[in-house]
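The structure under discussion appears below in the form of structure tokens.
Number of protein chains: 2
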Amino acid sequence: MAEGLIANRLALIGIGLIGSSIARAARERGLVREIVVQTRSPATLERAKELGLGDHYTLDMAEAAKDADVVIASVPVGASEEVAKAIAPALKAGAIVSDVGSVKMSVVRQMAPHLPSSVHFVPAHPIAGTEHSGPDAGLADLYVNRWCILTPLPDTDPAAVEKLSALWRGMGANVETMTPEHHDLVLAITSHVPHLIAYNIVGTAQHLGEVTKSEVIQYSAGGFRDFTRIAASDPTMWRDIFLHNKDAVLEMLGRFSEDLTALQRMIRYGDGNGLFDLFTRTRAIRRSIIDKGQDAPEADFGRHKIAAKAET
Amino acid sequence: MAEGLIANRLALIGIGLIGSSIARAARERGLVREIVVQTRSPATLERAKELGLGDHYTLDMAEAAKDADVVIASVPVGASEEVAKAIAPALKAGAIVSDVGSVKMSVVRQMAPHLPSSVHFVPAHPIAGTEHSGPDAGLADLYVNRWCILTPLPDTDPAAVEKLSALWRGMGANVETMTPEHHDLVLAITSHVPHLIAYNIVGTAQHLGEVTKSEVIQYSAGGFRDFTRIAASDPTMWRDIFLHNKDAVLEMLGRFSEDLTALQRMIRYGDGNGLFDLFTRTRAIRRSIIDKGQDAPEADFGRHKIAAKAET
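So the sequences go chain by chain: A and B. Its first residue numbered 1, the first sequence is counted upward by one per residue in my numbering. Its first residue numbered 1, the second sequence is counted upward by one per residue in my numbering.
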């Protein structure tokens with residue numbers, strides 16, 4: 001699957017789950033000659049070294065960006081402007097600057113004004129991840145069969161867009177292009193609002209008086225535990241996502257609440273047919289997601305196998 | 001782990017995911033001598049025969065219940081009264097009658113008045129399942145390390161409660177006892193409201209104008225797909241749960257909506273600290289669920305392994 005060498009020097013600003021997965025994938029698939037790893041925390045940098053994620057290591061963003069052909073920032077969305085400011089003076093002409101943020105309009109607003117016109121800015125967002133964080137959480141196959149959305153600006157050089165696409169395809173991803181505006185709307189409904197309601201139900205369960213916390217935990221296999229996975233995602237990353245995609249999130253949340261009120265009314269007035277109709281329609285979308293390879297068909301995510309193993 | 005023979009003849013009224021998992025577990029672990037399988041649908045009964053789930057097969061509930069030591073109804077909650085009426089005349093003295101419904105107050109109201117005083121009624125609810133339905137979906141290890149809640153009435157014979165407990169423990173479950181009222185409150189927050197909001201977000205995503213259905217499916221790995229699993233559960237079963245646990249569901253839903261409004265307000269006014277605090281607290285509950293063996297610690301439910309396999 002590897003498409004051969006795509007760039008000489010790749011600089012990774014931030015080496016958490018996403019950045020370290022890029023490091024592992026790019027290395028394993030021979031997509032780049034050298035990887036420079038940068039992070040602000042000395043302890044994390046030390047850990048990245050122990051894991052052998054790069055060839056050069058530094059705490060300094062400008063130093064990391066110097067001589068890089070491709071720079072990818074994998075930092076919380078709110079830190080994007082700071083990264084752009086720091087790397088701008090060090091970038092070589094013709095370099096590609098990209099990111100992995102879950103919000104795109106805000107990243108463009110934060111980064112574009114600081115980058116020199118001699119570099120190519122191609123914002124990107126791989127739709128992949130797990131609930132774990134940090135350099136140890138990275139996986140070389142995290143992007144396989146997942147989608148990566150690029151949101152280049154109208155005047156971006158097509159060759160630069162193609163080069164970044166090739167890098168993502170090389171890591172196993174499918175690549176799609178759209179505007180930052182449309183990206184932010186699509187992600188609000190497919191990712192941001194789902195995370196918000198998962199955080200919310202877990203929060204509601206935590207401060208009940210009549211039902212104890214240990215009961216919630218004990219009986220979570222009834223459905224609740226599915227929500228706790230995404231409600232365990234990195235708090236800083238998600239705080240920034242909600243603050244930086246405010247308009248689209250509030251819009252989609254408004255529709256969600258409207259629909260939930262209608263559903264609540266069906267329950268109150270005993271509208272069994274209305275409930276049955278909705279529950280039948282929602283089944284179909286699950287099948288489509290499995291058909292398109294975006295989820296596993298194993299019952300209960302294959303958890304019963306883990307339970308059975310635990311017994312023996 | 002098998003605790004030996006617990007009953008001679010077990011009658012299963014309904015042979016879907018839950019009933020057929022009981023059949024498989026009881027057989028594999030030698031907990032009963034004979035299993036009688038009953039279902040209303042001739043096609044399903046035929047399939048149960050092909051799968052070899054029982055020793056006797058019938059479409060008639062009374063015939064199934066005759067001579068049984070333990071009768072377990074695994075039917076949608078709304079069908080409970082019909083089952084009680086049908087089996088009551090056929091039950092032998094001393095038989096244990098139980099069920100697996102996700103709502104307990106309503107099941108007690110529907111069944112207790114019809115059962116003769118010569119039998120022991122012990123309502124039960126195993127907190128286990130998958131998103132699949134029907135006799136093929138059953139798993140012999142579905143109940144291993146899961147909880148089964150019994151809600152006996154105050155005057156129920158303790159020996160009958162112990163016998164049913166032994167049957168569930170024999171299938172690998174942990175058994176807990178509580179009142180039907182408390183059960184219904186606990187399940188409203190750990191199962192019923194989570195299912196309702198999962199159905200709801202999938203519904204909201206289906207009728208967006210700006211974002212197409214195929215985009216929702218394509219980019220579902222961002223969080224949305226976790227919800228589609230439980231929103232693919234059996235529609236009849238879930239319609240009945242919401243109609244029969246109305247009060248507790250409306251109460252918990254009210255609290256969920258209140259909390260969501262507060263969260264929405266934090267986003268609107270940019271309260272980053274408030275968001276960060278909640279997102280940090282919710283992480284802890286996930287860890288407890290994994291520590292208590294009620295979920296798997298594998299990142300992303302181990303989905304990346306499935307994705308990687310798909311590539312090769």
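Ideal Cβ placement from N, Cα and C applies to all residues, glycine included.
Nonlocal neighbours in the same chain, by C-beta distance under 6 Å from residue i, ignoring five residues either side
{"i": "residue 320 (chain B)", "result": "Residue 320 (chain B) is absent from the model: chain B starts at 1 and stops at 312."}
{"i": "residue 78 (chain B)", "result": "240"}
{"i": "residue 252 (chain A)", "result": "188, 189 and 193"}
{"i": "residue 93 (chain A)", "result": "118"}
{"i": "residue 171 (chain B)", "result": "25 and 143"}
{"i": "residue 11 (chain B)", "result": "36, 64, 65, 68 and 71"}
{"i": "residue 55 (chain B)", "result": "34 and 35"}
{"i": "residue 198 (chain B)", "result": "227, 230 and 231"}
{"i": "residue 201 (chain B)", "result": "227"}
{"i": "residue 316 (chain B)", "result": "It is not possible to answer for residue 316 (chain B), since the shown part of chain B is limited to 1 through 312."}
Enclosing beta strand (DSSP E) for residue i [first to last residue]
{"i": "residue 34 (chain B)", "result": "32-38"}
{"i": "residue 126 (chain A)", "result": "124-126"}
{"i": "residue 176 (chain A)", "result": "174-177"}
{"i": "residue 73 (chain A)", "result": "70-73"}
Any chain A beta carbon closer than 9 Å to residue i
{"i": "residue 191 (chain B)", "result": "yes"}
{"i": "residue 166 (chain B)", "result": "no"}
{"i": "residue 99 (chain B)", "result": "no"}
{"i": "residue 177 (chain B)", "result": "no"}
{"i": "residue 345 (chain B)", "result": "With chain B represented from 1 up to 312, any question about residue 345 (chain B) goes unanswered, as that position is not in the structure."}
{"i": "residue 89 (chain B)", "result": "no"}
{"i": "residue 246 (chain B)", "result": "yes"}
{"i": "residue 59 (chain B)", "result": "no"}
{"i": "residue 55 (chain B)", "result": "no"}
{"i": "residue 281 (chain B)", "result": "yes"}
{"i": "residue 31 (chain B)", "result": "no"}
{"i": "residue 170 (chain B)", "result": "no"}
{"i": "residue 278 (chain B)", "result": "yes"}
{"i": "residue 110 (chain B)", "result": "no"}
Integer Cβ distance of residue i from residue j, believed to fall under 8 Å
{"i": "residue 119 (chain A)", "j": "residue 91 (chain A)", "result": "5 Å"}
{"i": "residue 99 (chain A)", "j": "residue 80 (chain A)", "result": "6 Å"}
{"i": "residue 211 (chain A)", "j": "residue 185 (chain B)", "result": "6 Å"}
{"i": "residue 17 (chain B)", "j": "residue 203 (chain B)", "result": "So it is not a contact: roughly 23 Å between Cβ atoms."}
{"i": "residue 229 (chain A)", "j": "residue 286 (chain B)", "result": "7 Å"}
{"i": "residue 158 (chain A)", "j": "residue 123 (chain A)", "result": "Wrong, their Cβ atoms sit about 15 Å apart, outside the cutoff."}
{"i": "residue 45 (chain A)", "j": "residue 39 (chain A)", "result": "5 Å"}
Paired residues, beta bridge with residue i - DSSP
{"i": "residue 9 (chain B)", "result": "B:34"}
{"i": "residue 17 (chain A)", "result": "Residue 17 (chain A) is not bridged to any residue."}
{"i": "residue 132 (chain A)", "result": "Looking at the DSSP assignment, residue 132 (chain A) forms no beta bridge with any residue, so it has no partner."}
{"i": "residue 150 (chain B)", "result": "B:124 and B:177"}
is_contact[residue i, chain B] using C-beta, thresh 9 Å
{"i": "residue 2 (chain A)", "result": "For residue 2 (chain A), the pLDDT reaches just 44, beneath the cut-off of 50, and the residue's location in the model is therefore unreliable, although a value from the coordinates is still provided. Not an interface residue."}
{"i": "residue 252 (chain A)", "result": "yes"}
{"i": "residue 216 (chain A)", "result": "yes"}
{"i": "residue 180 (chain A)", "result": "no"}
{"i": "residue 197 (chain A)", "result": "yes"}
{"i": "residue 187 (chain A)", "result": "yes"}
{"i": "residue 292 (chain A)", "result": "yes"}
{"i": "residue 20 (chain A)", "result": "no"}
Residues of its chain near residue i, where Cβ-Cβ distance is below 7 Å and the 5 sequence neighbours each way are ignored
{"i": "residue 216 (chain B)", "result": "205 and 224"}
{"i": "residue 299 (chain A)", "result": "none"}
{"i": "residue 49 (chain B)", "result": "57"}
{"i": "residue 173 (chain B)", "result": "126, 143, 146, 147 and 148"}
{"i": "residue 116 (chain A)", "result": "88 and 91"}
{"i": "residue 128 (chain B)", "result": "142, 143 and 146"}
{"i": "residue 178 (chain A)", "result": "149 and 151"}
{"i": "residue 61 (chain B)", "result": "13, 38, 83, 86 and 87"}
{"i": "residue 237 (chain A)", "result": "76"}
Continuous alpha helix (DSSP H) stretch holding residue i: start and end
{"i": "residue 249 (chain B)", "result": "246-268"}
{"i": "residue 181 (chain B)", "result": "180-187"}
{"i": "residue 99 (chain A)", "result": "Where residue 99 (chain A) is concerned, there is no enclosing alpha helix (DSSP H), although the beta strand (DSSP E) it sits in stretches over 96-99."}
{"i": "residue 59 (chain B)", "result": "Unbroken run through residue 59 (chain B): none, as it is neither H nor E."}
{"i": "residue 163 (chain B)", "result": "158-170"}
{"i": "residue 44 (chain A)", "result": "42-51"}
{"i": "residue 279 (chain A)", "result": "272-291"}
{"i": "residue 206 (chain A)", "result": "193-206"}
{"i": "residue 108 (chain A)", "result": "105-111"}
{"i": "residue 214 (chain B)", "result": "213-218"}
{"i": "residue 119 (chain B)", "result": "Run containing residue 119 (chain B): none; DSSP gives neither H nor E here."}
{"i": "residue 225 (chain B)", "result": "224-230"}
{"i": "residue 82 (chain A)", "result": "80-87"}
Spatial neighbours of residue i in its chain, beta-carbon cut-off 8 Å, leaving aside the 5 residues before and after
{"i": "residue 265 (chain A)", "result": "271"}
{"i": "residue 5 (chain A)", "result": "30, 31, 32 and 33"}
The ligand ADP heavy atom lying under 8 Å from the CB of residue i
{"i": "residue 236 (chain A)", "result": "You won't find the ligand ADP in this model; it holds no ligand whatsoever."}
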